[in-house]
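Residues 2 to 317 in the numbering used here are what the sequence shown lists, from first letter to last.
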Amino acid sequence: MSASPIQLSVVIPVYNEQANLPLLFSRLYPVLDALGRKYEVIFTNDGSADKSADLLRSQYAARPDVTRVIDFNSNYGQHMAIMAAFERVRGQVIVTLDADLQNPPEEIPKLIQLMDEGHDYVGGYRLARQDSIFRTVASKIINGVRRQTTNIEMTDQGCMLRSYSRAIIDAIVQSGAINTFIPALAYSFSGNPAEVGVKHEERHAGVSNYTFYKLIRLNFDLITGFSLAPLQYFTMFSMVCSAGSLILVAALLVRRFVLNLDRETFGVFTLFAILFFLLSVAMVGIGIIGEYVGRTYQVVRARQRYHVKEILETKQ
Ligand code: UDP
Ligand code: MG
2 MSASPIQLSV VIPVYNEQAN LPLLFSRLYP VLDALGRKYE VIFTNDGSAD KSADLLRSQY
62 AARPDVTRVI DFNSNYGQHM AIMAAFERVR GQVIVTLDAD LQNPPEEIPK LIQLMDEGHD
122 YVGGYRLARQ DSIFRTVASK IINGVRRQTT NIEMTDQGCM LRSYSRAIID AIVQSGAINT
182 FIPALAYSFS GNPAEVGVKH EERHAGVSNY TFYKLIRLNF DLITGFSLAP LQYFTMFSMV
242 CSAGSLILVA ALLVRRFVLN LDRETFGVFT LFAILFFLLS VAMVGIGIIG EYVGRTYQVV
302 RARQRYHVKE ILETKQ
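Here it is in structure tokens:
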């Protein structure tokens with residue numbers, strides 16, 4: 002307890018990271034201590050099934066002055082875990098970091114330096130990315146799609162080593178956004194963003210918690226959460242398709258009745274082909290509309306997005 006304000010909050014989501022936490026603690030805290038600023042580290046235990054909760058508890062016991070632990074009752078996903086911490090940060094600059102040591106804690110001072118220079122948002126991008134070919138290629142494609150459909154400029158959306166000013170974090174919390182992709186949301190609130198290359202290491206232990214399905218969901222969230230482009234592209238596509246099929250039908254009619262051709266082949270099959278095609282177009286459209294309706298539903302329903310079981314922290 003002291004009068005001077007906390008300068009730095011480090012936010013770390015933790016899901017089944019028992020094999021990584023000890024090394025994370027031993028690398029992270031010295032870096033932060035060396036900064037010579039008042040800081041706090043907020044861990045959110047996102048419903049881990051392993052010993053992560055116990056490890057966090059003992060770390061809290063070891064460094065209660067600078068450690069806070071939010072304990073979810075179950076798994077709500079990395080971004081919810083980060084949001085829960087955002088809602089409680091006390092620092093003026095906020096840094097997010099993964100628990101698996103893929104983002105070396107030693108890179109944090111680089112971000113802080115850029116914040117000191119007056120940027121309100123600093124995004125890291127991974128130099129020499131250490132992930133599977135599949136992940137690397139997939140994220141290249143996704144980055145491209147994002148650039149086309151939203152006006153968010155980001156070299157590497159998947160890198161979670163980022164820092165934000167408190168004003169941006171407060172804006173994110175106030176926006177009450179659902180299915181949030183935090184780096185993109187922060188970017189949209191930022192006035193003076195910067196990027197910096199950061200080292201990337203292989204996951205120290207364990208395997209990625211992201212399944213293919215979770216990645217698809219996350220990126221679908223990103224596109225639909227920040228733009229109406231899918232809807233608009235779809236509408237344009239359907240218009241072109243309708244025009245095309247009209248011409249096709251007209252051509253078929255002309256061949257059959259004016260030129261008196263295709264007497265045998267004209268008929269059911271042609272119509273079915275057109276029908277199937279139009280039907281598939283309609284189905285895609287319904288899916289996209291459903292995504293937006295779903296979002297509206299979630300906002301209207303305003304259900305609590307996560308449930309905190311326990312918070313370990315010292316009062317300020
Ligand atoms: N994480 C989380 N909840 C989840 C999945 C992941 O809090 O449901 C945390 C995880 O502990 C790690 C970070 O989010 O600190 C990134 O997860 P991961 O390393 O699995 O993702 P990747 O690096 O493969 O993108
Ligand atoms: Mg990782």
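Quick reminder that beta carbons are idealized off the backbone N, C-alpha and C, glycines included. In this text, all values refer to a predicted model and were calculated from it rather than measured experimentally.
Check                                                                                                                                                         : Outcome
By how many angstroms is the C-alpha of Leu276 removed from the C-alpha of Ile113?                                                                            : 59 Å
Kindly examine ligand 1 and report whether one of its heavy atoms sits closer than 7 Å to the Cβ of Glu203.                                                   : no
Given a cut-off of 8 Å, decide if Phe221 and Glu108 are closer than it, judged by their beta-carbon atoms.                                                    : no
Which partner residues does Arg374 have in the DSSP bridge list?                                                                                              : Given a span of 2 to 317 for the chain in the structure shown, any question on residue 374 remains unanswerable.
Please confirm if the stretch 10 to 28 is in contact with the stretch 83 to 91, defined as three or more CB-CB distances below 8 Å between the two stretches. : yes
Along the chain, where does the alpha helix (DSSP H) containing Arg218 start, and where does it finish?                                                       : 213 to 227
Whose C-alpha, out of Tyr298, Tyr30, Gly48, is nearest the C-alpha of Asn74?                                                                                  : Gly48
Could you pull the start and end residues of the beta strand (DSSP E) that Asp72 belongs to?                                                                  : 68 to 73
What first and last residue would you give for the beta strand (DSSP E) that runs through Tyr30?                                                              : Unbroken run through Tyr30 is the alpha helix (DSSP H), 22 to 36; no beta strand (DSSP E).
Restricting to Cα atoms, I'd like to know which of Lys215, Val282, Arg218 is closest to Met237.                                                               : Val282
Is Ser10 helix, strand or coil by DSSP?                                                                                                                       : strand
What's the C-alpha gap between Arg130 and Asn210?                                                                                                             : 17 Å
My guess is that Gly125 and Met155 are in contact by the Cβ rule of under 8 Å, so how many angstroms apart are they, rounded?                                 : At roughly 10 Å, the Cβ-Cβ gap does not stay under 8 Å, so Gly125 and Met155 are not in contact.
Excluding the 5 residues flanking Leu115 on each side, which residues of the same chain have their C-beta closer than 7 Å to its C-beta?                      : Val123, Ala195, Val197
Name the DSSP beta bridge partners of Glu196, please?                                                                                                         : Gly124
Under 8 Å, do Phe227 and Ile289 count as touching if we go by C-beta distance?                                                                                : no
For Leu229, count neighbouring Cβ atoms within 10 angstroms of its own Cβ and tell me buried if that reaches 16, exposed if not.                              : exposed
Would you kindly work out how many angstroms separate the C-alpha atoms of Asp99 and Ser239, rounded to a whole number?                                       : 42 Å
How many angstroms separate the CA atom of Lys215 from the CA atom of Leu280?                                                                                 : 28 Å
Tell me, please, which residues DSSP counts as bridged to Val15.                                                                                              : Asn46
Going by other Cβ atoms of all chains shown within 10 Å of its Cβ, with 16 needed for buried, is Ser191 buried or exposed?                                    : buried
Which residue wins for smallest C-alpha separation from Lys39, given the options Val138, Val32, Pro6?                                                         : Pro6
Answer yes or no: the CB of Glu292 versus the heavy atoms of ligand 1, is any distance below 7 Å?                                                             : no
Asp51: beta carbon under 7 Å from a heavy atom of ligand 1?                                                                                                   : no
Between Tyr16 and ligand 1, is the CB less than 7 Å from at least one heavy atom?                                                                             : yes
Could you spell out the range, first to last residue, of the alpha helix (DSSP H) harbouring Val241?                                                          : 230 to 254
Answer with buried or exposed for Val70, where buried requires no fewer than 16 other C-beta atoms within 10 angstroms of its C-beta.                         : buried
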